[in-house]
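> To get the working numbering, take the position in the sequence shown, counting from 1, and add 61.
Idealized CB from N, CA, C, for every residue including glycine.
This structure is in structure tokens; I'll ask about it shortly.
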Amino acid sequence: MPDQADRQYMHECEARHWLRLGYSSEAMVDELREKITAKRGSAAAERLIEEMRRQWKRRSEWLT
Numbered sequence: 062m063p064d065q066a067d068r069q070y071m072h073e074c075e076a077r078h079w080l081r082l083g084y085s086s087e088a089m090v091d092e093l094r095e096k097i098t099a100k101r102g103s104a105a106a107e108r109l110i111e112e113m114r115r116q117w118k119r120r121s122e123w124l125t
């Protein structure tokens, strides 16, 4: 089972993945929220979107 650091890293990678796919506008994020909520619940969707916001602020570090 992954430890906390591994889970955080996987969460960051997932957030970056969705951002790379273009989920950065309000409409696209709303669409993603619906998709994730349907599969994993609203708490998971909100955690993902919060991580996406953190990653967007740091995009100069990873987006190339």
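Quick check on this structure: which residue in His72, Cys74, Thr98, Ile110 has the alpha carbon closest to the alpha carbon of Ser86?
Within the sequence shown, residue 86 is the residue found at index 25, counting from 1. Closest option to Ser86, Cα to Cα, is Ile110.
> Can you grab the Cα-Cα spacing for the pair Ala99 / Val90, in whole Å?
Translated into positions along the sequence shown, residue 99 becomes position 38. Translated into positions along the sequence shown, residue 90 becomes position 29. Their backbone Cα atoms lie some 14 Å apart in a straight line.
> On a Cα-Cα basis, can you pick out the residue from Arg115, Leu124, His72, Gln65 that is closest to Ala105?
The residue given as residue 105 occupies position 44 in the sequence shown. Nearest of Arg115, Leu124, His72, Gln65 to Ala105, Cα basis: His72.
> In angstroms, rounded to a whole number, what distance separates the CA positions of Pro63 and Thr125?
If you number the sequence shown from 1, residue 63 lands on position 2. If you number the sequence shown from 1, residue 125 lands on position 64. Straight-line Cα distance between these residues: approximately 28 Å.
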